[in-house]
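**Q** Provided herewith is a single structure, encoded as C-alpha cells, for subsequent inquiry.
There are 4 protein chains.
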Amino acid sequence: MIESSKTESIGSMINYGMVGGGEGSFIGDVHRRAIGLDGMAQLVAGCFSRSAENNAITGKKLNISDERVYADYKEMASAEAKRADGINFVSIVTPNKSHFEIAKEFLNKGINVVCDKPLTTTSAEADELTALAREKDLLFCVTYTYTGYPAVKEARNLIKEGAIGDIRFINAEYPQEWLAEPTGDDNKQAAWRTDPKQSGISNCVGDIGSHIENLAYYITGQEIETLAARLDKIVDGRLLDDNATIMLEYKGGAKGLYWCSQIAWGSDNGLSIRIYGTTGSIEWHQEDPNYLKLVKKGSPVQILSRGRDTFSDHASSLIRLPSGHPEGYLESFANIYKTYIAALTKKQAAASLTADELDFPTPAMGAQGVRFIEKCVESSRKNAAWVNFQD
Amino acid sequence: MIESSKTESIGSMINYGMVGGGEGSFIGDVHRRAIGLDGMAQLVAGCFSRSAENNAITGKKLNISDERVYADYKEMASAEAKRADGINFVSIVTPNKSHFEIAKEFLNKGINVVCDKPLTTTSAEADELTALAREKDLLFCVTYTYTGYPAVKEARNLIKEGAIGDIRFINAEYPQEWLAEPTGDDNKQAAWRTDPKQSGISNCVGDIGSHIENLAYYITGQEIETLAARLDKIVDGRLLDDNATIMLEYKGGAKGLYWCSQIAWGSDNGLSIRIYGTTGSIEWHQEDPNYLKLVKKGSPVQILSRGRDTFSDHASSLIRLPSGHPEGYLESFANIYKTYIAALTKKQAAASLTADELDFPTPAMGAQGVRFIEKCVESSRKNAAWVNFQD
Amino acid sequence: MIESSKTESIGSMINYGMVGGGEGSFIGDVHRRAIGLDGMAQLVAGCFSRSAENNAITGKKLNISDERVYADYKEMASAEAKRADGINFVSIVTPNKSHFEIAKEFLNKGINVVCDKPLTTTSAEADELTALAREKDLLFCVTYTYTGYPAVKEARNLIKEGAIGDIRFINAEYPQEWLAEPTGDDNKQAAWRTDPKQSGISNCVGDIGSHIENLAYYITGQEIETLAARLDKIVDGRLLDDNATIMLEYKGGAKGLYWCSQIAWGSDNGLSIRIYGTTGSIEWHQEDPNYLKLVKKGSPVQILSRGRDTFSDHASSLIRLPSGHPEGYLESFANIYKTYIAALTKKQAAASLTADELDFPTPAMGAQGVRFIEKCVESSRKNAAWVNFQD
Amino acid sequence: MIESSKTESIGSMINYGMVGGGEGSFIGDVHRRAIGLDGMAQLVAGCFSRSAENNAITGKKLNISDERVYADYKEMASAEAKRADGINFVSIVTPNKSHFEIAKEFLNKGINVVCDKPLTTTSAEADELTALAREKDLLFCVTYTYTGYPAVKEARNLIKEGAIGDIRFINAEYPQEWLAEPTGDDNKQAAWRTDPKQSGISNCVGDIGSHIENLAYYITGQEIETLAARLDKIVDGRLLDDNATIMLEYKGGAKGLYWCSQIAWGSDNGLSIRIYGTTGSIEWHQEDPNYLKLVKKGSPVQILSRGRDTFSDHASSLIRLPSGHPEGYLESFANIYKTYIAALTKKQAAASLTADELDFPTPAMGAQGVRFIEKCVESSRKNAAWVNFQD
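So the sequences go chain by chain: A, B, C and D. According to my numbering, the residues represented by the first sequence are 117 to 507, in order. According to my numbering, the residues represented by the second sequence are 117 to 507, in order. According to my numbering, the residues represented by the third sequence are 117 to 507, in order. According to my numbering, the residues represented by the fourth sequence are 117 to 507, in order.
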C-alpha cells in the first residue's frame with residue numbers, strides 16, 4: 117500500500133460526445149483516457165469517422181448505443197441538443213482545418229465545446245469562435261496540454277506572488293527529432309504535418325511553436341508586442357518549416373527568445389522554459405515535469421518537488437499522487453478536462469466560478485496561438501523583420 | 117495534435133468488484149484509476165467499507181446498483197458467484213491483515229483475485245493462497261506496482277537476452293523521507309504503519325523493502341540463497357524498523373545489497389536498481405522511469421528512452437505515449453491490470469496464454485515477498501547473522 | 117595510489133615573460149597556474165604593473181631577478197630581445213584596450229606572443245597583428261580558454277569524421293548571473309566591464325558572446341555568412357549590453373542561434389553548445405566538461421566520458437587524469453599553453469608542425485572574434501537587421 | 117578576461133624532495149603538479165627510482181642538480197638533513213609496502229613527511245609513525261585526496277554547525293569499473309593491485325574502501341564502533357577482493373553502509389556520500405565535486421554551488437576559481453599540499469597553528485584507515501561477523 121492518504125473525491129458523471137477519434141486516431145484515444153482518469157464524464161455519443169465502417173466499429177467498442185453513433189456531426193449536434201439526456205459537451209479531435217466549422221455548429225446548437233489545438237487555421241476564425249462562445253454563454257476549452265501540469269501552475273503562482281520580481285527575459289524551447297529525415301510515405305503523421313495543403317502556413321511553429329507561446333503566456337502573463345521570426349526548411353524537399361527561431365519583445369519591455377525544432381536528434385519532446393526576473397528565476401522541463409527549479413538572488417538554487425514542497429492550493433488540487441510517484445502527460449491532459457468538467461458542472465448548477473475554477477485554456481488563448489503562427493510566418497517572409505503582434 | 121500515431125485498440129469491458137476502497141481510502145482510488153485508464157473493465161459490485169454509511173455513499177458515487185453494494189465480503193463472494201453477470205475478478209484493497217481471509221473466500225467461490233501487496237502477513241498463508249489459486253485454476257495477481265513500467269520490462273528483457281552477461285552484483289535501494297520524524301497522531305498512514313499491532317513484524321522492509329526484493333527478482337530472476345539484514349529503529353520511540361540494510365547471496369553465486377529507509381531527508385520515493393554483469397550493467401530509477409542506463413563494456417554509456425529506442429515487443433505493447441511524453445506511476449499500475457485483464461479475457465475464451473501474456477505479479481511472488489520480510493526480521497534479531505532463505 | 121598509469125613526459129622548460137598580472141589581478145594568476153601545471157615554461161621576466169610598487173612586489177614574490185622586472189613593456193621587449201637567455205614568449209594579460217600596442221611591440225622585437233582575449237578593440241587592429249605575426253614568422257596565440265577541453269577537441273574530431281553528418285543547426289548559449297543587479301562600486305570587475313570607456317562597444321557579447329562564437333567555430337568550422345543580433349540593456353542604468361540574442365546563417369546554409377546573458381539568475385558560467393547534423397547531434401556543457409552527449413540516428417543517446425571512452429589521439433594527448441577524476445577550467449587553460457609551448461619548442465628546433473601541433477587559438481580567430489562583436493553591435497543598432505559578416 | 121577578481125597571494129617557495137615518482141610513475145607526477153599549482157614549494161632533491169638510469173633521467177628532466185639526485189633514500193635523508201638549504205619536507209610516493217621504512221627514516225632525520233595512502237601495511241606500523249612524528253614534533257600528512265575539495269570541507273562545516281542535526285545514517289559508496297575483467301599482463305596497475313604479494317590483505321577495500329572511510333570520518337567525525345564486512349572476489353581467478361559491502365555502527369548509535377567496487381561497469385570513479393541527520397541531509401559526488409545537495413526538513417532541496425553560495429571562510433580559502441569554472445581532482449590534491457605547506461611555513465616561523473591551519477590528513481587518519489582495512493578483512497573471514505573496531 118502507498119504511503120499517502122491523499123484522496124480524490126468520487127463524483128457523479130456528466131455526459132460527453134466526441135467528433136473524430138475513430139480507430140487509428142491517436143489523439144482521440146488520449147482525450148478519452150484523460151477524461152477516464154478521473155471518471156467525471158462518460159462518453160455517450162460520437163461521430164468518430166467519415167468512414168461509416170470505422171464509425172460503427174468505434175462506437176461499438178466504446179459501448180455507445182447505436183442511435184447515438186452519428187454519420188454526420190451536424191446531425192449529432194441537432195440530435196444531442198434536443199435530447200433530455202443530451203451531451204453536456206463535445207470534444208473535437210478532428211484534423212485542424214475542420215475545427216472551425218464543427219465548433220461553430222455545436223456552439224450554435226448550445227453545446228459546450230472542447231477543441232484540440234491549434235484552434236483554427238486563421239485568427240479571424242478563432243476570434244469568431246471566441247465571440248460566439250461568449251454570446252452563447254458556453255464554456256469553450258482549447259486543449260493546450262502542457263499547462264495542466266501542477267508544476268506549471270505553481271510556476272505561474274510563484275510569478276504572480278512576485279517570487280522572482282518583474283519579468284526581464286524568457287527563454288523557451290521545444291526541440292524534437294521526429295522530422296529530422298525526409299518524410300516518407302510510411303509515416304502518415306509526418307506526411308500530413310509537412311504538407312501545406314493539410315497543415316496550412318506552418319508546420320513546426322504551428323504544431324509546437326504554438327505550445328511555447330501558450331506556455332510562456334500562461335506562466336508569465338507577458339503579452340507579445342513585436343516579434344522577429346526565422347522559419348527554416350532544413351530537411352531537403354520540405355515545403356514547410358521544421359525549425360524556427362523567434363526573438364520577442366513583450367509589452368512593458370521584457371524580451372524573449374523561442375526556439376522550436378523537429379530536426380534536433382536526441383530530443384524527444386523537449387519543451388522547456390526559463391524565466392528571468394529582477395530578483396530570481398524559474399525553470400521547468402516538460403520531460404521532467406514534477407520538478408521546478410527556483411532561484412532567488414542570494415540563496416542557493418532550489419529544486420521544488422511536486423507533492424513534497426508547498427504548492428498553492430490551486431496547483432495542489434490537481435495533484436493525484438504523493439511526491440516521487442511520477443505524474444506525466446496524461447495527468448496533465450486530465451487536469452485540463454478535470455477543471456473544465458468541474459466548471460461546467462458548477463455552472464450548470466448556476467453557481468458563479470472563480471478564476472481558479474476557470475483555469476483551463478480559453479478560445480482567446482487559442483486565437484492568440486493562431487495569431488502567433490500568422491505573425492511568425494509574416495515576419496519570416498520579410499526576412500525576420502520585426503512585426504507588431506496586434507496589427 | 118500529437119506527433120505519433122500509436123493507437124490502443126479499443127476493447128469491450130469485463131466486470132469487476134472491489135473489497136475496500138471506500139471514501140477516504142487512497143489506494144482504492146489508485147486501483148480504480150489504473151483500471152479506468154484503459155477502459156477494459158467496469159466496476160459493478162463492491163464491499164467498500166465496514167462502515168455502512170461509507171459503503172453506501174461510495175457505491176452511489178461510483179454508480180453501483182444498490183443490490184451489488186454488499187455489507188459483507190462473504191455475502192458479496194456468494195452472490196456474485198451465482199449471478200450470470202457476476203464479476204470476473206475482485207480487487208482486494210483492504211489493510212494487509214485481512215488480505216488472506218478475503219482472497220481465500222473469493223478463490224473458494226471460483227472468482228479470480230487481484231490483491232494489494234504485501235499479500236499476507238505470513239508466508240504460510242501466502243503459500244496456501246498460491247496453492248488454492250492453482251487448484252481452482254484461477255488467475256491471481258499481486259499488485260507490485262513498479263514492475264509495470266515498460267523500462268523495467270525492457271531491463272528484464274535485456275538481461276534475458278544476455279546484454280550484460282551473467283549477473284554478478286545487484287545494488288538496489290528505496291529511500292524515502294516521510295517517516296523521518298516521530299509519528300504524530302495527525303498522520304494516520306504513518307500511525308498504522310509504525311504500529312506493530314497493525315503492521316506486524318516490520319514496517320520499512322515490509323512496506324518498501326519488499327518492493328526492492330520484487331523488483332530485483334523480476335528483472336534478474338536471481339533467487340536469494342542467504343541474507344544478512346540489519347533492521348534499524350532510528351527515530352526515537354519507534355517500535356518497528358524505519359531503515360534497513362541487507363546483504364544477499366543469490367543461488368549461483370551473485371551477490372547483492374539492498375537499502376531501504378524512511379528517514380532519508382530529501383528522498384521522495386527513490387526506488388532504484390543497478391545491476392552489474394560480466395559484460396555490462398543496467399540502471400533504472402523509479403522517479404525518472406522512462407529511461408534506462410545501459411552500459412556495455414568497451415562502449416559509451418547509453419541512455420535508452422522509452423518510446424524512442426527499440427524495446428522488446430512485449431515492453432512496447434505497454435507503452436501508451438510517444439517518447440518524451442512522460443508516463444508515470446499510474447500507467448505502470450495500469451499495465452499490471454491491463455495484462456491481467458487481457459489474460460483473464462483470453463483465458464475465459466479458453467485460449468492458452470504465453471509467458472508474456474501471463475506477465476503480471478503472481479501469488480508466488482507475493483509469497484516470496486512475505487518470506488523476504490520474515491527472513492530479514494529473523495536475521496536482524498540474530499544480529500544480522502546469515503539466514504537461509506528457503507529454510 | 118591512483119588506478120591509472122597514464123604518464124606525462126617530463127620536459128625541460130623554456131622561458132617566458134608577462135605583461136600585466138600584478139598583485140590584485142586575477143587573470144595573470146590563472147595564466148601562471150596554467151603554465152605551471154605542466155612545468156614546461158618558467159617565468160623569468162615581467163612588467164607586472166604600472167604601479168612601481170606593485171611591480172616590484174610581484175617580481176619579488178615570483179622570484180624574478182631584479183633586472184628583469186621592467187617598469188615599461190617597451191623596455192622589456194627591447195631588453196629581452198637582446199639577451200641570449202631572453203624570453204621565448206610573452207604573455208599579455210593587461211586590460212583589453214592595451215593588447216594591440218603591447219602585442220605589436222613584442223612582435224616587432226621578434227618575440228612570440230600569447231594574448232588574452234578579446235584580442236583587440238577593433239578588427240582592423242586584430243588583422244594587423246595577424247599579418248605582423250605571419251610576416252615575422254612568430255607564433256601568436258589568443259587564449260580562448262574553452263577550446264582547450266579534451267571533450268571539446270573530441271567534439272571537433274567527431275564532426276570532422278562525419279559522426280553527425282553535415283551541420284544543419286547550432287544552438288549555443290552562455291548564461292551568467294553576475295551582472296543581474298545594478299553595478300555597484302564595490303565590484304571593480306563589474307564596474308569596468310559595464311563602462312563603455314573601458315569596455316568599448318559591447319559588454320556581454322564582447323566578454324562572453326565572443327566565447328560562443330569561438331567555440332562554435334572551433335568545433336564545427338562553420339563560417340558566419342550573415343547575422344541578426346539584438347543586444348539588450350536589461351538592468352536599469354546599464355550603458356552596455358548585458359544580454360543578447362543572435363540569429364546566424366553560415367556559409368553553406370546551416371543556421372544558428374546564440375544567446376548570452378549576464379542577468380540569468382542561477383547560472384554560474386553556463387557556456388554550452390548543441391550541434392545538429394544530418395545524421396546526429398553533439399552536446400557539451402562547460403560546467404560538466406568531462407562528458408559529451410553524442411546522438412546518432414537510430415541509436416540510443418550516448419554519454420562519452422573523457423578518459424573512459426575512445427577519443428582521438430590528439431584529444432587524448434591533452435588528458436592528464438583517468439576518467440572520473442574531474443579535470444576543469446585550469447586544465448583546459450593549461451592545454452592551450454601546453455600546445456603552444458610544445459609548438460614553440462619544436463619550431464625553434466626548426467621542425468615543421470602538424471595541424472594538431474598548431475591547434476591553439478590563432479590571431480585570425482582573435483580577429484574573427486573582434487569582427488563578431490562589431491557585427492553584432494552593428495546589427496543591433498539597425499534593430500537586429502541582417503548584416504553580412506565579411507563586409 | 118574572467119569575471120571575478122579573486123586573487124591568490126603569491127608566496128615565496130620552500131624546498132621539497134621526493135622519493136619515488138620516476139618516469140613511468142603516475143602518482144609522482146600528480147603530486148608534483150598539485151604542488152606546482154600554487155607555486156609554494158620547489159622540488160630540489162629526489163630519489164626517484166631504484167633504477168639508476170630512470171633516477172638520473174628523471175632528475176635531469178626535473179632540473180634537479182646532480183648531487184641532489186640520490187641513489188638511496190637513506191643517503192638522501194642524511195644528506196638533506198645536513199644541508200643548510202636542505203628540503204623542508206619529503207613526498208613519499210613509492211609502492212605502499214615501502215612507505216613505513218622510508219617515512220621512519222626521514223622522520224628520524226628530522227624531516228617533515230608527506231606520504232601517499234594507504235600509509236602502511238599494518239596499523240601497528242601506522243601507529244608507530246604517528247607516535248614518532250609527534251615525538252619529533254614534525255608535520256606529517258597522508259594524502260587522502262578527496263578531503264581537499266572545498267565542497268567536502270563545507271559539508272563538514274555544515275554538519276559541525278548543526279545544519280542537519282545529529283547524524284543518524286551514512287550511506288557512502290565508491291564504484292569503479294576498471295577491474296571488471298580478468299587482469300591481464302598488459303595493465304601493470306591492475307596486476308600489482310590484485311596480487312596479494314604486493315597489495316597485502318585487500319585490494320578493493322585497501323585502495324578505495326579506505327577513501328570512503330576517510331571521507332565519512334572527515335565530514336562527520338563519526339567514529340566506528342563495530343562493523344560487518346563482506347569482501348567479494350567476483351572476477352574469476354581473482355585472489356583479492358574486488359567488491360565489498362560493509363555495515364557499520366558508530367559510537368553514539370548512528371549507523372552506516374559502505375559499498376566499494378571495481379567491477380561496476382559504467383562507473384569511472386564514483387565516490388559519493390549521503391549523510392542523514394535528525395533535521396536534514398547532505399549529499400556529495402566526487403565526479404561532480406563543485407556542488408553539494410543540502411536538504412533541510414520543511415524546505416525545498418538546495419543545490420549549493422562552490423564559489424556562488426556562501427561557504428565557510430576556511431572552505432572558501434581553498435577556492436581558486438569563480439563559480440561555474442570547474443575545479444577538479446588536481447585542485448583538491450593541491451589543497452592538501454597548500455594547507456600542509458602553509459602550516460609548515462608558519463610552524464617554522466614558530467607561530468602556533470589553528471585547527472583550520474592544521475586541516476590536512478594526519479597520520480592518525482592514516483592509521484585509522486589501515487585499521488579499517490584490517491577489520492574489514494577480519495570480519496569477512498568470519499563470514500561478515502560484527503567485529504569491534506578498536507579491539
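Glycine included, every Cβ here is placed at the ideal spot set by N, Cα and C. Owing to the predicted nature of the structure, the values given are computational and were not obtained by experimental measurement.
Throw me the rounded Cβ distance for the Cys257 of chain B and Pro477 of chain B pair, which I believe falls under 8 Å.
**A** 6 Å
**Q** With a floor of 4 residues, list each alpha helix (DSSP H) that falls wholly inside the segment 303 to 358 of chain C, ordered by position along the chain.
**A** 304 to 309, 312 to 315 and 326 to 336
**Q** Can you name the residues of chain C whose CB is closer than 7 Å to the CB of Arg424 of chain D?
**A** Asp384
**Q** Nearest chain C C-beta to Gln305 of chain B closer than 8 Å, yes or no?
**A** Not an interface residue.
**Q** Would you please verify whether the beta carbon of Pro405 of chain D is less than 8 Å from any beta carbon of chain C?
**A** Taking Cβ atoms only, chain C reaches closer than 8 Å to Pro405 of chain D, which makes this a yes.
**Q** Alpha carbon to alpha carbon, how far is Glu447 of chain A from Leu434 of chain A?
**A** 9 Å
**Q** As a quick exercise: from A:Leu331, A:Glu473, A:Ile362 and A:Asp357, pick the residue whose alpha carbon is nearest that of Arg390 of chain A.
**A** The residue among A:Leu331, A:Glu473, A:Ile362 and A:Asp357 with its C-alpha nearest the C-alpha of Arg390 of chain A is A:Leu331.
**Q** With contact counted as at least three CB pairs below 8 Å, one residue from each stretch, are the segment 205 to 219 of chain B and the segment 138 to 150 of chain B in contact?
**A** yes
**Q** Which chain B residues are close to Thr310 of chain D, counting only those with a beta carbon under 9 Å from its beta carbon?
**A** Those within 9 Å of Thr310 of chain D in chain B number zero; the least Cβ separation is about 16 Å.
**Q** Report the neighbours of Leu420 of chain B on chain G: residues whose CB is nearer than 7 Å to its CB, in chain order.
**A** The chain labelled as chain G is not found among the protein chains of the depicted structure, namely A, B, C and D.
**Q** Work out the CA separation of Thr394 of chain A and Ala344 of chain A for me, nearest whole Å.
**A** Between Ala344 of chain A and Thr394 of chain A, the C-alpha separation is close to 24 Å.
**Q** Please return the same chain residues whose Cβ sits closer than 8 Å to the Cβ of Glu490 of chain B, not counting the five positions on each side in sequence.
**A** Thr238, Ser239 and Ile317
**Q** The beta strand (DSSP E) spanning Phe256 of chain A covers which residue range?
**A** Per DSSP, Phe256 of chain A belongs to the beta strand (DSSP E) from Phe256 to Val258.
**Q** Answer yes if the segment 278 to 298 of chain B comes into contact with the segment 247 to 263 of chain B, meaning at least three C-beta pairs across the two stretches below 8 Å, and no otherwise.
**A** no
**Q** Start and end of the alpha helix (DSSP H) containing Val493 of chain D?
**A** Pro479 to Arg497
**Q** What number of angstroms, rounded off, separates the C-alpha of Glu139 of chain A from the C-alpha of Gln305 of chain A?
**A** 15 Å
**Q** Three-state secondary structure (DSSP) at Ile391 of chain A?
**A** strand
**Q** Give, in chain order, every residue of the segment 311 to 334 of chain A whose Cβ lies closer than 7 Å to some Cβ of chain B.
**A** none
**Q** Pop quiz: Phe216 of chain C and Glu241 of chain C are said to be a contact at Cβ under 8 Å. What is the actual Cβ separation, rounded to whole angstroms?
**A** 4 Å
**Q** Would you please state the rounded distance, in angstroms, between the beta carbons of Tyr189 of chain C and Val229 of chain C? I believe it to be under 8 Å.
**A** That pair is no contact at about 12 Å.
**Q** Below 8 Å on the Cβ atoms is my guess for Gly513 of chain C versus Tyr290 of chain C; work out the distance and round it to an integer in Å.
**A** A query on residue 513 of chain C cannot be resolved here, the shown segment of chain C reaching from 117 to 507 and no further.
**Q** Are Gly372 of chain B and Leu364 of chain B touching if we call contact CB-CB under 8 Å?
**A** yes
**Q** Compare the C-beta of Arg149 of chain C with all C-beta atoms of chain D and state if any pair is closer than 8 Å.
**A** It does: the Cβ of Arg149 of chain C has a partner Cβ on chain D nearer than 8 Å.
**Q** Tell me Val230 of chain D's beta-bridge partners as DSSP assigns them.
**A** D:Ser207 and D:Cys257
**Q** Using a threshold of 8 Å, state whether the C-beta atoms of Glu270 of chain A and Ala431 of chain A are closer than that.
**A** With respect to the 8 Å criterion, Glu270 of chain A and Ala431 of chain A are classified as neighbours on the basis of their beta carbons.
**Q** Please report whether the beta-carbon of His215 of chain A lies at a distance below 8 Å from any beta-carbon of chain B.
**A** no
**Q** Counting along the chain, where does the alpha helix (DSSP H) carrying His430 of chain A start and finish?
**A** That run of the alpha helix (DSSP H) goes Asp429 to Ser432.
**Q** Verify whether the separation of the beta carbon atoms of Ile328 of chain D and Tyr374 of chain D is less than 8 Å.
**A** yes
**Q** With a cut-off of 8 Å, does the C-beta of Gly337 of chain A fall near any C-beta of chain B?
**A** No, Gly337 of chain A does not count as interfacial toward chain B.
**Q** Which runs of the alpha helix (DSSP H) fall wholly inside the segment 164 to 215 of chain D and span at least 4 residues, in chain order?
**A** The segment 164 to 215 of chain D contains, as complete alpha helix (DSSP H) runs of 4+ residues, the segments 168 to 177 and 189 to 198 (chain order).
**Q** Less than 8 Å separating the beta-carbons of Asp232 of chain C and Lys454 of chain C?
**A** Their beta carbons are not under 8 Å apart, which means Asp232 of chain C does not touch Lys454 of chain C by this criterion.
**Q** Cα separation between Trp294 of chain A and His441 of chain B?
**A** 13 Å
**Q** Residues in the segment 424 to 455 of chain A with C-beta within 9 Å of chain B's C-beta atoms, listed in sequence order?
**A** Arg424, Arg436, Leu437, Pro438, Ser439, Gly440, His441, Pro442, Glu443, Gly444, Tyr445, Leu446, Glu447 and Ser448
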